[in-house]
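Counting from 1, one number per residue, gives the positions in the sequence shown under UniProt numbering.
Just so it is clear, CB atoms sit at the ideal spot from N, CA and C, and this is done for glycine as well.
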Amino acid sequence: MPDTEQEYKKQIRELEQQVQLLREQVDFLTRKLYGTKSEKTSALEIEGQMSLFNEMESCADPDAHEPDLVEVEKHLRKRKYAGQREKLNKDIPRSKVLHTIDEREQICEKCGSAMAKVGEEFVRTEVQFIPASLKVIDHYRETYECRTCRKNGTPYMEKSPVPHPPVMHSLASASTIAWLIHQKFELGIPLYRQEKEWEALGLSLSRATMSNWLLCVYRDWLSHVAGRLRQELLKQEYLHIDETHVQVLKEPGRKNTSDSYMWVYCSIRDCKQPVRYFEYQPGRGGKYPEAFLKGYTGYIHTDAYSGYNGVKGVTRCLCYTHLRRAFVDALPKDLHGTEASKPAEAVVRLNKLFEIEKELEGLDPEQKKKERIDREKPLLEAFWSWAEIHSAGELPKSKLHTAFQYALNNRQEFFNYLEDGNCSISNSLAENCIRPFVIGRKNWLFAGSPKGAAASAGIYTLVETAKANGLDAMKYIKYILSDMPGSIFLENPEYLDDYLPWDPMVQERCR
Numbered sequence: 001m002p003d004t005e006q007e008y009k010k011q012i013r014e015l016e017q018q019v020q021l022l023r024e025q026v027d028f029l030t031r032k033l034y035g036t037k038s039e040k041t042s043a044l045e046i047e048g049q050m051s052l053f054n055e056m057e058s059c060a061d062p063d064a065h066e067p068d069l070v071e072v073e074k075h076l077r078k079r080k081y082a083g084q085r086e087k088l089n090k091d092i093p094r095s096k097v098l099h100t101i102d103e104r105e106q107i108c109e110k111c112g113s114a115m116a117k118v119g120e121e122f123v124r125t126e127v128q129f130i131p132a133s134l135k136v137i138d139h140y141r142e143t144y145e146c147r148t149c150r151k152n153g154t155p156y157m158e159k160s161p162v163p164h165p166p167v168m169h170s171l172a173s174a175s176t177i178a179w180l181i182h183q184k185f186e187l188g189i190p191l192y193r194q195e196k197e198w199e200a201l202g203l204s205l206s207r208a209t210m211s212n213w214l215l216c217v218y219r220d221w222l223s224h225v226a227g228r229l230r231q232e233l234l235k236q237e238y239l240h241i242d243e244t245h246v247q248v249l250k251e252p253g254r255k256n257t258s259d260s261y262m263w264v265y266c267s268i269r270d271c272k273q274p275v276r277y278f279e280y281q282p283g284r285g286g287k288y289p290e291a292f293l294k295g296y297t298g299y300i301h302t303d304a305y306s307g308y309n310g311v312k313g314v315t316r317c318l319c320y321t322h323l324r325r326a327f328v329d330a331l332p333k334d335l336h337g338t339e340a341s342k343p344a345e346a347v348v349r350l351n352k353l354f355e356i357e358k359e360l361e362g363l364d365p366e367q368k369k370k371e372r373i374d375r376e377k378p379l380l381e382a383f384w385s386w387a388e389i390h391s392a393g394e395l396p397k398s399k400l401h402t403a404f405q406y407a408l409n410n411r412q413e414f415f416n417y418l419e420d421g422n423c424s425i426s427n428s429l430a431e432n433c434i435r436p437f438v439i440g441r442k443n444w445l446f447a448g449s450p451k452g453a454a455a456s457a458g459i460y461t462l463v464e465t466a467k468a469n470g471l472d473a474m475k476y477i478k479y480i481l482s483d484m485p486g487s488i489f490l491e492n493p494e495y496l497d498d499y500l501p502w503d504p505m506v507q508e509r510c511r
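Right, dumping it as structure tokens:
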């Protein structure tokens with residue numbers, strides 16, 4: 001216990017600060033649990049001197065078209081425009097059904113004369129669902145014999161060539177595995193649920209067998225294409241990087257509850273040959289990006305995680321979306337109180353940066369660089385000067401103190417994007433790239449082994465890279481597994497270029 005009045009006062013101040021931090025944490029977690037998930041300014045509803053207007057005031061437009069509403073059960077939903085439906089249906093095969101009157105009934109009810117057809121009218125359009133089905137194909141090959149050689153005592157026989165299967169000594173076909181991959185890696189459906197679907201279709205296919213198929217096709221075929229994509233990615237001058245945790249079982253020397261990580265390395269948005277490369281690693285340490293980027297000398301877009309600090313030879317651009325999020329998280333429960341003024345002003349200042357970036361979309365890199373220096377650099381310098389002044393006196397470890405330190409400790413990395421018009425102010429692209437994996441992870445929870453996690457990373461690489469290049473990922477996987485077995489790519493590695501998603505033949509067949 002304190003002995004003096006001064007010590008009592010000091011203890012009271014410390015306890016008050018602790019209570020303040022705990023209240024802030026409770027408000028933050030409550031907002032995350034029950035509040036809006038949007039970080040849009042309009043959703044934050046901050047008013048007053050911060051110039052963050054109420055959504056009703058900022059979005060009001062007296063001349064705006066009032067959309068039609070269609071009643072659905074007990075709520076109203078905006079009517080979809082015809083253009084949206086046509087976009088949905090344009091690639092689906094269409095057929096015409098003409099409804100007629102039976103020839104025997106084509107009699108006029110008034111006079112009894114035969115009626116003649118005078119026209120037809122459109123009634124409605126509907127989409128018909130055709131359930132998936134399986135087809136068993138038994139492969140045979142013919143054998144040919146040269147009768148002349150046989151008569152001469154030198155028999156000669158030849159068998160017709162047969163396409164190589166993606167998995168030897170199994171029922172697996174390219175289309176079967178492509179569908180399995182589509183279900184698991186695009187739709188996030190785990191193998192145990194696919195097991196039931198295959199059973200309903202008439203095939204008893206265990207999840208163990210499906211896992212073996214995936215491991216085999218990754219080892220024999222897909223890993224080689226993924227490796228080529230990695231080589232192409234590291235030739236590019238600009239990258240986005242992010243990582244997320246994943247639980248992997250049976251890792252040597254580690255508990256099954258330990259966190260491993262899936263890393264993603266992406267091309268920039270305007271890249272003509274975009275790559276989305278996933279890599280499984282047992283940890284989050286800086287040695288993993290250091291190893292991946294060894295010898296790389298371009299720009300990398302990341303968050304402020306210290307693990308990237310050891311990557312040599314690169315120019316690091318930090319994400320303003322993360323910085324803005326830090327100040328949004330610092331907003332108190334009462335968004336209109338005085339405590340909201342500093343984080344709200346920070347959000348307003350950063351919003352201006354994003355507004356300018358939206359105006360600069362479509363400019364070539366040199367023009368964009370010039371506009372950024374003329375219009376954005378003064379705003380950034382003003383923001384950091386403001387942050388240095390207003391960060392003083394904030395409670396250590398508070399959300400606002402953390403947000404200010406996030407900005408002040410990384411000023412140079414936040415300014416680096418000004419050096420090149422190809423750089424971005426946000427790392428959202430990497431977050432969006434890794435999102436399909438995060439969604440899938442919620443369904444299957446963990447990877448069964450390090451080998452399985454590595455295979456999953458490689459397959460995600462092909463699926464997401466295919467989508468980034470405008471391909472149908474399932475068609476792309478089917479194309480690789482149909483064409484690659486039996487090819488001589490191991491003796492001639494340059495043949496792998498024929499399976500890259502921007503190859504003209506791949507583009508033609510897999511869209």
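Met474 is bridged by DSSP to nothing; it lacks a bridge partner. Linking Cys216 to Tyr495 through their CA atoms gives a straight-line distance of about 20 angstroms.
In this structure Tyr296 is buried. Its beta-carbon is surrounded by 16 or more other beta-carbon atoms within 10 angstroms. Contiguous beta strand (DSSP E) elements confined to the stretch 290–357 occur at 299–302 and 315–318, taking only those with 3 or more residues. Per DSSP, reduced to three states, the secondary structure at Met210 is helical.
Secondary structure at Gln247: strand, using DSSP grouped into helix, strand and coil. Lys184 and Val248 have their C-alpha atoms spaced approximately 17 angstroms apart. 8 angstroms or more divides the Cβ of Arg207 from the Cβ of Tyr218. Shortest Cα-Cα distance from Leu418 to any of Ile434, Gln367 and Ala407 involves Gln367.
Distance from the CA of Glu126 to the CA of Ser133, rounded to the nearest whole angstrom, comes to 22 angstroms. For Lys475 and Thr465, the gap between their C-alpha atoms comes out near 13 angstroms. In terms of Cβ geometry, Thr244 and Ala326 do not form a close pair [threshold 8 angstroms]. Per DSSP, the unbroken alpha helix (DSSP H) holding Lys368 starts and ends at Pro365 to Glu371. Separation of the CB atoms of His240 and Asn427 is rounded to 6 angstroms, and the pair is thereby assigned contact status at 8 angstroms.
Glu464 sits in a helix when the DSSP states are folded into three classes.
Per DSSP, Trp221 lies in no alpha helix (DSSP H) segment and is marked neither H nor E.
Inclusion of Ile137 and Ile477 in the CB contact set at 8 angstroms is not warranted, their separation being larger than that value. Using a Cβ distance threshold of 8 angstroms, Cys271 and Gln236 count as a contacting pair. A contact between stretches requires three or more CB pairs, one per stretch, nearer than 8 angstroms, and the stretch 292–310 fails this requirement with the stretch 364–380.
By the beta-carbon neighbour count (other beta carbons within 10 angstroms, threshold 16), Gln25 is exposed.
In this structure, the straight-line span from the alpha carbon of Met210 to that of Leu490 is close to 26 angstroms.
The three-state reading of DSSP puts Glu361 in coil, since its state is none of H, G, I, E or B.
Under the DSSP definition of a beta bridge, Glu145 partners with Met157. Excluding its 5 nearest sequence neighbours in each direction, Arg141 has C-beta neighbours in its own chain below 6 angstroms: Lys159, Ser160 and Val162, listed in chain order. The three-state secondary structure of Phe404, taken from DSSP, is helix. At the C-beta level, Tyr277 and Met262 stay beyond 8 angstroms of one another.
In this structure, Thr321 is the residue among Pro365, Thr321, Gly362 and Leu363 with its C-alpha nearest to the C-alpha of Val348. In the structure shown, Met484 falls within a coil segment according to DSSP collapsed to helix, strand and coil. His164 is classed as exposed because its beta carbon has fewer than 16 other beta carbons within 10 Å across all chains shown. Excluding five sequence positions before and after Leu350, the CB atoms of its chain that fall closer than 8 angstroms to its own CB belong to Tyr320, Leu323, Arg324, Phe327 and Phe383, given in chain order. Rounded to whole angstroms, the Cβ separation of Ala430 and Asp242 is 4 angstroms, and the two are in contact under 8 angstroms.
Glu388 is positioned such that its CB atom lies closer than 8 angstroms to that of Leu408. Residue pairing for Met262: DSSP places it in a beta bridge opposite Thr244 and Tyr280.
For Gly310 and Phe414, the gap between their C-alpha atoms comes out near 17 angstroms. The beta carbon of Asn410 is closer than 8 angstroms to those of Ala304 and Leu318 in its chain, skipping five residues each way along the sequence.
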